[in-house]
Structures are given as C-alpha cells and as structure tokens.
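Heads up: the structure comes next, in structure tokens.
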Amino acid sequence: MTRAVVFDVDGVLVHGYHSRPDEHERWDAELAKLGINADRFQREFIFDIFVKRVLIGEVPMIEALDRRLKAFGYKGSSMAVHDLWLSFDCNPNTALIDTIRQLRQHPDVRLYLGTNQDHTRAQYLWHVIGLKTIFEDMFYSARFGRTKYDKKFFAMADERMAPTDEPPLFFDDTQKVLDVAAKAGWDTVHVTQDTDVTTHPWIAARL
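The opening position of the sequence shown corresponds to residue -8 in my numbering, with each subsequent residue numbered one higher.
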C-alpha cells in the first residue's frame, strides 16, 4: 500500500545555526565583521520582512536584503550576506538523510518535503544540498504563498502528490504546524530526535 511520507526540513533534515550555540556565536561574529549587529538583524530583518513577506514569496530574498542592509550600516554586497547565511544555515542531518535514502527504495514509499522556505533557499536545498536526489517534490511556503500555519498549505500539497492508499505521514518539529496538518487529515509525528522517525512503526517496517 503506497503512502506519501512528508518531511519538514529545518530541525529535521537540516540543522541551522540556531540549533548549535557554537555556530550561533560564529554567525554573530561573522555579521559583526560586516558591521551588522546580529540581534538587530534578527529583530528588524528576520522577524520583520523575511517572515512577513519573503517566506511567502511576496518579496525576493535579495531584494529584501537590498532594502534593509543599508539601515544596518552595511555597504557591501547583499549577495555576500546571503551566501554567508546559506553557509551557516544548511547543515544536513546526514544520519537521518541516509536512512531516508534507504527508505526510498521501498515500493510503498513516496517521499516529499513540506517546509517554510523562501525561493532561493528552497533551490539551494534542492540542488546544492541535493535533496532532489531523494524526494519527488518540495512543497514550500514561497511557492504556495502561505506558510504551514495555514491549512490551505496542506490542501495544495495534497493536490500535487500522487494518489496513495493512506493519509500522508508527516514528520515535523513544530507542534503548531502538526496541529494544522492533522486538521487537514494528515497523520503527524512530532520530531525531537531521529528515532522519532526511524522507530515509527510504518517506517521501521520498511527499513
């Protein structure tokens, strides 16, 4: 019986700098070298234009950086800041990814991604990190014009997945997102460690 298995990216397949104190400190230090205060960048860029407009595809990432970086006193290239961001925030969880690659061999399994991403980072994850070699498609917020906190996100994903015999099985590290997915009829699993995936009965039976 075929089934769509959908994975979140950040906090599940990829560890960002926020999950590691040493990397967070290095990120702050690298921004400081550019003359950018990390707390202010998070407050005035990440929690503002990035979350409100970039993540849902209304404003391209580079355009958003162009608009805001000068206010921080930065006079360099927006592309350089963007490259720095990607280099710190895309650390693959290789152990879990290798397990999912093994899971992909089972004929019952159809693999997808469901994630909040802007267009540029989605492409980076797909092509550079190489998630395209494992997953059939990536459903992401900038593509759908809404985040995973919107029930319609999951309806749009349903429309794009191949027909299967059971509800999608969704692994995510954010309970509020899982609550929305459950209301959309998906089976959900809260991921706090890799074993939440590997010991799930449906998954374990196919590894």
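Glycine included, C-beta positions come from ideal geometry on N, C-alpha and C. Treat the numbers as computed from the prediction; the structure is a model and nothing was measured.
Bridge-paired residues (DSSP) for residue i
| i | result |
| --- | --- |
| PHE138 | Checking the sequence, you will find Thr at residue 138 rather than Phe. Answer is none; THR138 lacks a bridge partner. |
| VAL119 | Its beta-bridge partners do not exist; DSSP assigns none. |
| GLY105 | PHE130 |
| PHE161 | VAL(-3) and THR179 |
| HIS6 | ASN82 |
| VAL100 | ARG(-6) |
Within 7 Å, strictly: CB atoms of residue i and residue j
| i | j | result |
| --- | --- | --- |
| LYS142 | ALA175 | yes |
| PHE36 | ARG58 | no |
| TYR115 | LEU75 | no |
| ALA(-5) | PRO159 | yes |
| MET(-8) | ASP149 | no |
| ASN84 | LEU4 | yes |
| TYR65 | ILE40 | no |
Cβ shell of residue i (< 7 Å), same chain only, five flanking positions each side left out
| i | result |
| --- | --- |
| ASP19 | ALA29 |
| ARG31 | PHE63 |
| LEU56 | SER69, VAL72 and HIS73 |
Same chain, Cβ closer than 8 Å to residue i, neighbours up to 5 away in sequence not counted
| i | result |
| --- | --- |
| ALA86 | ASP185 |
| LEU46 | ASN107, GLN108, ASP109, SER132, ALA133 and THR138 |
| VAL171 | LYS139, TYR140, ASP141, LYS142, PHE144 and PHE145 |
| ASP187 | PHE162, VAL180 and HIS181 |
Exposure label - residue i; buried when at least 16 CB within 10 Å
| i | result |
| --- | --- |
| PRO98 | exposed |
| PHE126 | buried |
| ASP1 | buried |
| PRO192 | exposed |
| MET52 | buried |
| ASP89 | exposed |
(message) Taking 8 Å as the cut-off, does the stretch 123 to 134 touch the stretch 95 to 107 (at least 3 CB pairs, one atom from each stretch)?
(response) yes
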